[in-house]
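A short worksheet on the structure shown next.
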Amino acid sequence: MSPFLLTRTLPEDATDAALRADVLRGLTGTPKTLPPKWFYDAHGSDLFERITELPEYYPTRAEREILVGRSAEIASVTGARTLVELGSGSSEKTRHLIEALTGLHTYVPVDVSESALTQAGQALIAERPGLQVHALIADFTAALALPRTPGPRLVAFLGGTIGNLPPVERAAFLGSIRGLLSPGDALLLGTDLVKDEEVLVRAYDDAAGVTAAFDKNVLTVVNRELGADFDPDAFDHVALWDARNEWIEMRLRSRADQTVKVPALGLAVEFAAGEELRTEISAKFRRDSVSAELDAAGLSLSHWWTDSEGRFALSLSTCR
Ligand SMILES: C[S@@+](CC[C@H](N)C(=O)[O-])C[C@H]1O[C@@H](n2cnc3c(N)ncnc32)[C@H](O)[C@@H]1O
């Protein structure tokens, strides 16, 4: 058996249908929105990797610090033989965990980005001969069909990506993760924590403009896939802190009155000058809120680790 398998769990046209449905719903709703999963074509995935290296973007460094310090403990507590990682991207930080999991049989990275999965998978099999890598091109919010692999299973969801899901979807998502776990399996969850507003806003609006380019990449994806005529330069990237919901919002603000055509959907979308299109929320958490949300999904938090500056947390939980 080849040590690197790449499986598309949805037919090609399912992605197309999902994009059409999301764009139609998002651009005809009030306020206008687009879901963040459409940022991540090959260019968007590269831009995200550049974001992780920015001085303002602390979450990646903070989470890596925890993984470096705690992977041996995570390995000894879980004894995982299968590691499933949702939204795995480059799998860069995950290497610390994979290295510590000495009994690991199969790594199952799951992502919508085929380019990220291929690059990460090829690199990993070269580094760890004998490790099976079974990558899944899949939407982690849809029902996941995981390959049959030896347990115990550790499901990792890193990077604070859980914060991109609004609360109702988050609850449903955690319930579906619970459904993937059997007794003895565990969930390793990365959550960014509530902190000073200025630090948070800077992390999503860097001086070099990489996050702005990432934000506008969703317009390029809609142009390419649906023949739309968005002019990315006609929008400004905006990041703001919503203190009531405790989340960052990324938005694209129209610089002028304009009409954008989306021929594949027969749509002409009016934007007023100053009107904002919401592209991402990134919720920030507290220990109590993480524990309560896990609890509501039938999971019990057993370990909670933060980086030395208390900016980011990794938690381990098991099913009840
Ligand atoms: C914020 S990045 C985090 C990447 C990596 N886990 C890290 O910590 O650096 C989010 C990742 O999730 C993927 N992603 C976003 N929405 C997804 C979805 N609905 N289903 C599967 N993957 C998704 C993106 O392609 C991207 O690789």
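Residue -2 in this note's numbering is what sits at position 12 of the sequence shown, and the numbering runs on without skipping anything. In this text, a Cβ means the ideal position worked out from N, Cα and C, and glycines have one as well. Just so you know, these numbers come straight off a predicted model, no measurement behind them.
Backbone CA spacing between Asp293 and Val180 [nearest angstrom]
14 Å
Rounded straight-line distance, which links the Cα of Ser301 to that of Tyr93
20 Å
Kindly indicate which residue of Ala4, Thr64, Leu285, Gly137 has the alpha-carbon position closest to the one of Ile163.
Leu285
With DSSP run on the structure shown, which of helix, strand or coil describes Asp293?
coil
Residue closest to Leu(-9), alpha-carbon to alpha-carbon, out of Val119, Thr68, Leu90
Val119
Less than 9 Å separating the beta-carbons of Leu175 and Val96?
no
Residue interval of the beta strand (DSSP E) (run including His332):
No answer is possible for residue 332: it lies beyond the span of the chain, which begins at -13 and ends at 306.
Under 8 Å by Cβ, that's how I've got Thr80 and Ala142 pegged, so tell me the actual separation to the nearest angstrom.
7 Å
Where do the N-terminal and C-terminal ends of the alpha helix (DSSP H) with Pro(-10) fall, by residue?
Checking the sequence shown, residue -10 turns out to be Phe, not Pro. Premise fails: Phe(-10) lies in the beta strand (DSSP E), -10 to -6, not in any alpha helix (DSSP H).
Per-residue burial, Thr265 [other beta carbons within 10 Å of its own, 16 or more giving buried]
buried
Please say whether Phe257 and Val248 have beta carbons closer to each other than 9 Å?
no
If we count Cβ pairs, one from each stretch, closer than 8 Å, do we get three or more for the stretch 22 to 37 versus the stretch 195 to 212?
yes
Could you tell me if the beta carbon of Asn203 falls within a distance shorter than 8 Å of some heavy atom in ligand 1?
no
Does the contact criterion of 3 or more C-beta pairs under 8 Å hold for the stretch 116 to 136 versus the stretch 98 to 106?
yes
Tell me the rounded alpha-carbon separation between Arg50 and Arg6.
36 Å
Could you pull out every unbroken alpha helix (DSSP H) segment of at least 4 residues lying fully inside the stretch 210 to 293, listed in chain order?
273 to 282
Would you identify the three-state DSSP class for Lys23, choosing helix, strand or coil?
helix
Does the separation of the CB atoms of Glu183 and Ala229 fall below 9 Å?
yes
Thr16 versus Glu261 - alpha carbon distance:
11 Å
Can you name the residues that DSSP bridges to Val94?
Val70
Which residues in the same chain as Val255 place their Cβ atom closer than 6 Å to its Cβ, once the five residues preceding and following it in sequence are excluded?
Leu13, Val246
Taking the beta strand (DSSP E) that Asp2 falls in, what are its first and last residues?
From DSSP, Asp2 is part of no beta strand (DSSP E) but of the alpha helix (DSSP H) over -2 to 14.
Could you tell me the distance, in whole angstroms, from the CA atom of Glu295 to the CA atom of Thr104?
34 Å
Would you give the residue range spanned by the beta strand (DSSP E) that Ser301 belongs to?
298 to 305
Tell me whether Met(-13) is buried or exposed, calling it buried when 16 or more other Cβ atoms sit within 10 Å of its Cβ.
Bear in mind that the predicted position of Met(-13) carries a pLDDT of just 46, short of 50, making it unreliable; the figure below should be weighed with that in mind. Exposed, because fewer than 16 other Cβ atoms sit within 10 Å of the Cβ of Met(-13).
Would you report the Cα separation of Leu205 and Ala28, rounded to the nearest angstrom?
14 Å
Mapping the DSSP letters down to three states, classify Met(-13) as helix, strand or coil.
At Met(-13) the pLDDT is 46, less than 50, meaning the model places this residue with poor confidence; the figure from the coordinates comes in the next sentence. Met(-13): coil per DSSP, three-state reduction.
Using DSSP bridges, identify the partner residues of Gly176.
Leu300
Whose C-alpha, out of Ala214, Leu287, Val207, is nearest the C-alpha of Thr1?
Val207
Heavy atom of ligand 1 less than 8 Å from the Cβ of Arg173, yes or no?
Reading the sequence as shown, one finds Leu at residue 173 and not Arg. No, Cβ of Leu173 sits at least 8 Å from all heavy atoms of ligand 1.
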